[in-house]
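Working notes, structure below.
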Amino acid sequence: MIPPMSRLCSLSLGRGRACWLKPSVRGVSVSQGRAVTGAAVGTVEGEKPLKTFQDLSGPSLLTDLYWNFLRGYVLYSHELQFIYKKKYGPMWRSTIGRYSNINIADVDFLETLLRQEGKYPVRVDMEVWKDHRRQRDLALGPFTEEGHKWYTLRSVLNQRMLKPAEAVLYTGVVNEVVTDFLVTLDEMRSETPSGDMVNDIPNALYRFAFEGISYILFETRIGCLEKKIPEDTRRFIDSIGSMLKNSVFVTILPPWTKNLLPYYKRYMDSWDNIFAFGNKMINQKMEKIHSQLERGEDIQGEYLTYLISSGKLTNKEIYGSVAELLLAGVDTTSNTLSWSLYHLAREPEIQNSLYQEVNSVVPGQNIPTPDDISRMPLLKAVIKETLRLYPVVPTNARLAVDKAITIGDYYFPKNTLFALAHYAISRDEKNFPEPNKFIPQRWLRDNRTKNNPFSSIPFGYGVRACVGRRIAELEMHMCLSRIIKKYEVRPDPTGGEIKAMARIVLTPNKPINLQFLQRKPSYKESGSLPSSQS
Numbered sequence: 001m002i003p004p005m006s007r008l009c010s011l012s013l014g015r016g017r018a019c020w021l022k023p024s025v026r027g028v029s030v031s032q033g034r035a036v037t038g039a040a041v042g043t044v045e046g047e048k049p050l051k052t053f054q055d056l057s058g059p060s061l062l063t064d065l066y067w068n069f070l071r072g073y074v075l076y077s078h079e080l081q082f083i084y085k086k087k088y089g090p091m092w093r094s095t096i097g098r099y100s101n102i103n104i105a106d107v108d109f110l111e112t113l114l115r116q117e118g119k120y121p122v123r124v125d126m127e128v129w130k131d132h133r134r135q136r137d138l139a140l141g142p143f144t145e146e147g148h149k150w151y152t153l154r155s156v157l158n159q160r161m162l163k164p165a166e167a168v169l170y171t172g173v174v175n176e177v178v179t180d181f182l183v184t185l186d187e188m189r190s191e192t193p194s195g196d197m198v199n200d201i202p203n204a205l206y207r208f209a210f211e212g213i214s215y216i217l218f219e220t221r222i223g224c225l226e227k228k229i230p231e232d233t234r235r236f237i238d239s240i241g242s243m244l245k246n247s248v249f250v251t252i253l254p255p256w257t258k259n260l261l262p263y264y265k266r267y268m269d270s271w272d273n274i275f276a277f278g279n280k281m282i283n284q285k286m287e288k289i290h291s292q293l294e295r296g297e298d299i300q301g302e303y304l305t306y307l308i309s310s311g312k313l314t315n316k317e318i319y320g321s322v323a324e325l326l327l328a329g330v331d332t333t334s335n336t337l338s339w340s341l342y343h344l345a346r347e348p349e350i351q352n353s354l355y356q357e358v359n360s361v362v363p364g365q366n367i368p369t370p371d372d373i374s375r376m377p378l379l380k381a382v383i384k385e386t387l388r389l390y391p392v393v394p395t396n397a398r399l400a401v402d403k404a405i406t407i408g409d410y411y412f413p414k415n416t417l418f419a420l421a422h423y424a425i426s427r428d429e430k431n432f433p434e435p436n437k438f439i440p441q442r443w444l445r446d447n448r449t450k451n452n453p454f455s456s457i458p459f460g461y462g463v464r465a466c467v468g469r470r471i472a473e474l475e476m477h478m479c480l481s482r483i484i485k486k487y488e489v490r491p492d493p494t495g496g497e498i499k500a501m502a503r504i505v506l507t508p509n510k511p512i513n514l515q516f517l518q519r520k521p522s523y524k525e526s527g528s529l530p531s532s533q534s
């Protein structure tokens, strides 16, 4: 669950390697790089001078354009990480206009960088999101706020969400949504000629994930899994898609185009719709709580109730925080489940082992609990392996705002922008043998690969790690275990191999269609003997 503007950084013209940051956004300028060249920035091992930005090689703008457009990598920029790493080494520079970034595709360099983060690390300067907040006099949220204010806000938002014991509180909510999603799958199956095909499973899982995170944050259902989605909910979902799409253009285009091209107005209108829907849901909850207090009743509820009743945040801060948390709560769950099902369908032996594990822990018609999930190591391994192969954001970013950074023999001044090539790192053979194969068993205790733990960090690291990690894991584990228990999943007989494509996040390059065959309960589950023994 990574903030979307971190993704947008990888969507600018450099797409995953060279983020084009507008002049209003901080970063290392070319002039900064020259300024430190030859300067006395420090020494290592016998007065050996540290190298600087200018000592790194990297692609020129023409090279970048060649690979992206002439060679067709514009939608497969995550694959370009391997090409640049092979040509320029595990760390390279890239420049567009005045601004530059340092690309890191080595796990040891990545660890060195992240361990030097200050108390208030910044993923990337989210100026376009802040522009909307400033114009509408709205509070910044956990992805747009910085410094001590961010730290204080995040410490409040972490409550009731970050710890495993706190995520357990939402088990009933998640299982309720999973139950409805299984009904949706049956309806989708019945609408196809074969009676067992589900077309475009990622879209269905997106609606599931959206309903789940909305139920947790708003403490009410919003109808994403209904046959006829309520109009205001549909407008809300469409506005999020429109905001993300137009954010790319707003980020790339110069400010003077705001009134000439339609993207900026669409972007602002989309954010307005997102806040209008969120604020309406929050206000309804506030009115309910106030009515309960007036009647002298105990306040019952979970996350939103906690935020409202704790008194630690103003209403304005709650509006800003919930809107941003919503946007981070969908892609990880829906994309990871989609890729998991895709690979399990193509690996029947792994799928059968998973079914046997789930069925042995949760026999019959029982619904799994968090305690049950703790006894399903293969289930957890499937999710971990999927996140390794398909990190939701293939390139993240870090802005070194607190201090200068030293990596190996290189020195980088404050405000250096780093692009973190997670996709290349998690598919590096030095970190994971047979890196492109789906092998969940590599995460099991007896087979565990001994490597640097920073080789795969899909939820981030440190104080900026994903606030909703435990919720996402709960949703994925509950949903996948119940799907595999109910259905045998097979590939589309007419479909071929599906590749990952970089459209803000890693998505399938074509719809994933899968067969969901209803499993027949054994006589042990049904409580009756086979006909030959009755």
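UniProt numbering puts the first residue of the sequence shown at 1, with every later residue one more than the last. By construction, the Cβ of each residue, glycine as well, lies at the ideal position given by its N, Cα and C atoms.
Whole-angstrom C-beta distance between L420 and N101, which should lie under 8 Å
The Cβ separation is near 10 Å, so there is no contact.
Which listed residue (F249, N246 and C224) has its alpha carbon closest to that of I237:
C224
Say whether the segment 479-489 touches the segment 173-188, bearing in mind that this needs 3 or more beta-carbon pairs closer than 8 Å, one atom from each stretch.
yes
So which of P491, S455 and P433 has the shortest CA-CA distance to N447?
P433
Top-ranked residue by Cα proximity to F454, from L70, L114, S60 and L65:
L114
Pairing CB atoms from the segment 144-162 with CB atoms from the segment 305-318, are three or more of them under 8 Å?
yes
Taking C-beta to C-beta, are S456 and K510 nearer than 9 Å?
no
Suppose contacts are defined by Cβ-Cβ distances below 9 Å. Is V505 in contact with V392 by that definition?
yes
When the Cα of H132 is compared with those of D269, A397 and P142, which residue comes out closest?
D269
N396 lies in the beta strand (DSSP E); which residues open and close that run?
T395 to A400
Quick one, which of I222, F249, R295 and L138 has its alpha-carbon nearest M281's?
I222
Suppose only complete runs of 4+ residues qualify. What are the alpha helix (DSSP H) ranges in the segment 49-96, listed by chain order?
61-65 and 77-88
Reference I229, options S194, Y215 and R207, closest by Cα
R207
Enclosing alpha helix (DSSP H) for P377 [first to last residue]:
P377 to L389
So what's I471 in DSSP terms, helix, strand or just coil?
helix
Determine the extent of the beta strand (DSSP E) in which V489 is found, giving its start and end residues.
Y487 to P491
For my contact list, L379 and L354 are in at a C-beta cut-off of 8 Å; report their separation, rounded to the angstrom.
6 Å
Here's the rule I'm using: 16 or more other beta-carbon atoms within 10 Å means buried, otherwise exposed. How should T251 be labelled?
buried
Of the residues N359, V122 and K288, the one placed nearest V463, counting alpha carbons only
V122
Output the distance between the C-alpha atoms of P458 and L387, rounded to the nearest integer angstrom.
6 Å
Check whether the segment 324-337 and the segment 357-375 are in contact - that is, three or more C-beta pairs closer than 8 Å.
no
Do three or more CB pairs link the segment 422-437 to the segment 78-96 at distances below 8 Å?
yes
DSSP beta-bridge partners of M501:
T507
Let's see if you can read the secondary structure: which residues bound the alpha helix (DSSP H) around L326?
N315 to L327
Does DSSP put T220 in a helix, in a strand, or in coil?
coil
Cβ neighbour criterion (16 or more within 10 Å) applied to D371
exposed
Here's the rule I'm using: 16 or more other beta-carbon atoms within 10 Å means buried, otherwise exposed. How should S239 be labelled?
buried
According to the Cβ coordinates, are Y390 and N335 closer than 9 Å?
yes
Taking the alpha-carbon positions, what's the Q515 to P493 distance?
9 Å
For L153, the three-state DSSP class (helix, strand or coil):
helix
Assigned exposure category for K293 - 16 Cβ within 10 Å defines buried:
Rather than Lys, the amino acid found at residue 293 in this sequence is Leu. Burial call: exposed.
Looking only at C-alpha atoms, which of L304, Y411 and P491 sits nearest to L157?
L304
Classify G27 as helix, strand or coil using the three-state DSSP reduction.
Summary for G27: the model assigns pLDDT 44, below 50, so the residue's position carries little reliability; its value from the coordinates is reported in the next sentence. Here G27 sits in coil by DSSP.
Assign F418 to one of three DSSP states: helix, strand, or coil.
strand
Whole-number beta carbon distance between I512 and P202, since they are thought to touch under 8 Å:
6 Å
Tell me the DSSP secondary structure of Q365 in three-state form.
coil
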